[in-house]
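Residue numbering for the sequence shown follows numbering that gives the first Met the number 0, beginning at 0 and increasing consecutively.
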Amino acid sequence: MSLTSSTGQAAAESQTFHGSSLELKNLTMAYGDIEVLRNVSLTVAPGTTTCIIGPSGSGKSTLLRGVNRLHEPKSGDVLLAGESALEVKPDILRSRIGMVFQHFNLFPDHTALDNVALALWSVKGMPKAEARERARQRLAEVGLAERADHRPRDLSGGQQQRVAIARALAMEPEVMLFDEATSALDPELVKGVLNLMAGLGKRGMTMLVVTHEMGFARKVADQVVFMDEGEVVEAGTPGELFDNPKSERLQRFLSEVL
Ligand code: ADP
Ligand code: MG
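Put into structure tokens, the structure is as follows:
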């Protein structure tokens with residue numbers, strides 16, 4: 000990730016990312032004896048956006064949790080830039096793969112700035128002043144320069160989610176995972192966060208996005224993956240899945256959500 004200018008929206012516009020490839024190979028995941036993900040394979044090319052859609056309980060969150068090893072896969076592999084993620088230490092892996100959740104998971108007693116800076120000094124060992132400077136830049140890039148000293152409770156849901164995105168970006172990740180990042184937001188705040196996400200994709204971030212926002216998936220995704228009952232049922236371009244769904248399961252899902 001390189002910055003051509005250090006502050007404000009101008010930097011956000013010109014900043015480019017160098018996303019890595021992400022590949023899931025026959026990923027199988029279980030809770031206890033119950034397999035909830037079976038033999039899922041998919042490839043996200045560098046700098047592209049893949050959206051995962053599917054009914055509740057189909058295993059979308061579990062898949063993301065397998066990618067950054069918040070839950071260990073039962074079998075199969077995840078390749079990050081061609082390297083097995085199972086051989087990377089989990090905290091290193093999580094600094095290379097940013098994750099944004101539905102509930103922002105910010106530290107309530109820290110300011111926006113320190114929420115973004117914290118992992119830079121505690122995980123990356125960056126000196127505090129430098130970490131805060133970088134955090135300030137990331138906040139400016141998500142449009143929150145003026146809110147750096149606010150605590151989460153004094154920010155809107157959309158602003159809190161921007162802080163969470165800035166926090167993930169501060170680690171200079173190679174891939175970003177989003178798990179229903181806009182599902183907890185008031186409707187009028189959804190668009191701003193989706194636009195921010197779309198902008199990251201345009202600037203070269205590799206993105207794996209679980210979403211219920213079909214308009215976003217259609218417009219922004221390079222690839223859409225439909226999951227049901229722990230399996231990939233269909234994958235293809237947005238046009239292929241939305242305009243010409245082949246399986247009865249996807250046809251039914253789309254008739255319920257569109
Ligand atoms: P989605 O994100 O598509 O809604 P999840 O990945 O959350 O689906 O869940 C997939 C399946 O795994 C569901 O049947 C769910 O009940 C189950 N599951 C999710 N988390 C756990 C857990 N921590 N322990 C046991 N079962 C779980
Ligand atoms: Mg989920």
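Every residue gets a Cβ at the ideal spot worked out from N, C-alpha and C, and that includes glycine. On a predicted model such as this, the values are computed, not experimentally measured, just so you know.
Please report the distance separating the alpha-carbon of residue 54 from that of residue 109.
Here residue 54 is taken as the residue at index 55 of the sequence shown, counted from 1. Here residue 109 is taken as the residue at index 110 of the sequence shown, counted from 1. Distance between the alpha carbons of residue 54 and residue 109: 35 Å.
Taking its Cβ as the centre, do 16 or more other Cβ atoms sit within 10 Å of residue 97, making it buried, or is it exposed?
Within the sequence shown, residue 97 is the residue found at index 98, counting from 1. Buried, since its Cβ has 16 or more Cβ neighbours within 10 Å.
Would you kindly work out how many angstroms separate the C-alpha atoms of residue 259 and residue 103, rounded to a whole number?
Outside the shown range of the chain, which is 0 to 257, sits residue 259, and nothing can be said about it.
With a 10 Å radius around its C-beta and 16 neighbouring C-beta atoms as the bar for buried, classify residue 1 as buried or exposed.
By one-based count along the sequence shown, residue 1 stands at place 2. Only weak support is given to the placement of residue 1: the predicted model assigns it a pLDDT of 40, under 50, and the value that follows is read from those uncertain coordinates. Its Cβ having fewer than 16 others within 10 Å, residue 1 is exposed.
Residue 22 versus 28, 45, 33, 14, residue with shortest Cα-Cα distance
Numbered from its first residue, the sequence shown carries residue 22 at position 23. Here the closest residue by C-alpha is 45.
Local Cβ density within 10 Å of residue 106, reported as buried at 16 or more and exposed below that:
One-based indexing of the sequence shown puts residue 106 at position 107. Looking at its Cβ environment, which holds fewer than 16 other Cβ atoms inside 10 Å, residue 106 is exposed.
Residue 112 versus residue 174 - alpha carbon distance:
For the purposes of this step, residue 112 is taken as the residue at position 113 of the sequence shown. For the purposes of this step, residue 174 is taken as the residue at position 175 of the sequence shown. If you take the alpha carbons of residue 112 and residue 174, they lie about 22 Å apart.
Among residues of its own chain, excluding the 5 on either side of residue 164, which ones have a beta-carbon nearer than 7 Å to its beta-carbon?
Sequence index remark: in the sequence shown, residue 164 carries index 165 (1-based). Cβ neighbours of residue 164 beyond the five flanking positions: 99, 141, 195.
Is the beta carbon of residue 225 less than 8 Å from the beta carbon of residue 240?
For the purposes of this step, residue 225 is taken as the residue at position 226 of the sequence shown. For the purposes of this step, residue 240 is taken as the residue at position 241 of the sequence shown. Yes, they are a contact pair.
Ignore the nearest five residues each way along the sequence and tell me which others in residue 166's own chain have a CB closer than 6 Å to its CB.
Numbered from 1 along the sequence shown, position 167 holds the residue referred to as residue 166. Answer for residue 166: 114, 115, listed in chain order.
Who are the Cβ neighbours of residue 250 in its own chain at under 8 Å, not counting the five residues just before and after it?
Indexing the sequence shown from 1 puts residue 250 at position 251. Closer than 8 Å at the Cβ level, and outside the excluded window around residue 250, lie 244.
From what residue to what residue does the alpha helix (DSSP H) around residue 145 run?
Locating residue 145 in the sequence shown gives position 146, counting from the first residue. Here residue 145 belongs to no alpha helix (DSSP H), and DSSP marks it neither H nor E.
Counting C-beta neighbours from all protein chains within 10 Å, is the total for residue 67 16 or more, i.e. buried, or is it exposed?
Residue numbering aside, residue 67 sits at position 68 when the sequence shown is read from its first letter. Result: buried.
Given a cut-off of 8 Å on the beta-carbon distance, is the pair residue 52 and residue 232 in contact?
In the sequence shown, the residue the question calls residue 52 occupies position 53. In the sequence shown, the residue the question calls residue 232 occupies position 233. Contact flag unset, no.
Take residue 160 as the anchor and find which of 183, 172, 144, 72 has the nearest alpha-carbon.
Within the sequence shown, residue 160 is the residue found at index 161, counting from 1. Among 183, 172, 144, 72, the Cα nearest to that of residue 160 belongs to 183.
Does at least one heavy atom of ligand 2 sit under 7 Å from the Cβ of residue 179?
By 1-based counting over the sequence shown, the position of residue 179 is 180. True, at least one ligand heavy atom lies under 7 Å from that Cβ.
Opening and closing residue of the alpha helix (DSSP H) in which residue 252 lies:
In the sequence shown, counting from the first residue as 1, residue 252 sits at position 253. Note, residue 252: alpha helix (DSSP H), 247 to 256.
To the nearest angstrom, how far is the alpha carbon of residue 5 from that of residue 136?
What you label residue 5 is simply residue 6 of the sequence shown in a count that begins at 1. What you label residue 136 is simply residue 137 of the sequence shown in a count that begins at 1. Note that residue 5 scores 38 on pLDDT, short of 50, meaning its location in the model is unreliable; the coordinates nonetheless yield the value given after this. Distance between the alpha carbons of residue 5 and residue 136: 6 Å.
Looking only at its own chain, which residues have a Cβ that is under 6 Å from the Cβ of residue 93, when we skip the five neighbours before and after it?
Your numbering for residue 93 matches position 94 in the sequence shown. Hits under 6 Å: 67.
Residue from 170, 214, 72, 234 with nearest C-alpha to residue 31
Counted from its first residue, the sequence shown places residue 31 at position 32. When only C-alpha atoms are compared, the closest one is 72.
Please give the ranges of any beta strand (DSSP E) in the stretch 2 to 86, keeping only runs that are unbroken, at least 3 residues long and fully inside the region.
21 to 30, 33 to 43, 48 to 52, 74 to 79
Is the beta carbon of residue 57 less than 8 Å from the beta carbon of residue 229?
Working through the sequence shown from its first residue, we reach residue 57 at position 58. Working through the sequence shown from its first residue, we reach residue 229 at position 230. Yes, the Cβ-Cβ distance between residue 57 and residue 229 is below 8 Å.
Any idea if residue 178 is buried or exposed, counting beta-carbon neighbours within 10 angstroms, 16 or more meaning buried?
To locate residue 178, count along the sequence shown from 1; it is residue 179. Looking at its Cβ environment, which holds 16 or more other Cβ atoms inside 10 Å, residue 178 is buried.
Expressed to the nearest angstrom, what Euclidean distance is found between the alpha-carbon atoms of residue 202 and residue 236?
Position 203 of the sequence shown holds residue 202. Position 237 of the sequence shown holds residue 236. C-alpha separation (whole angstroms): 20 Å.
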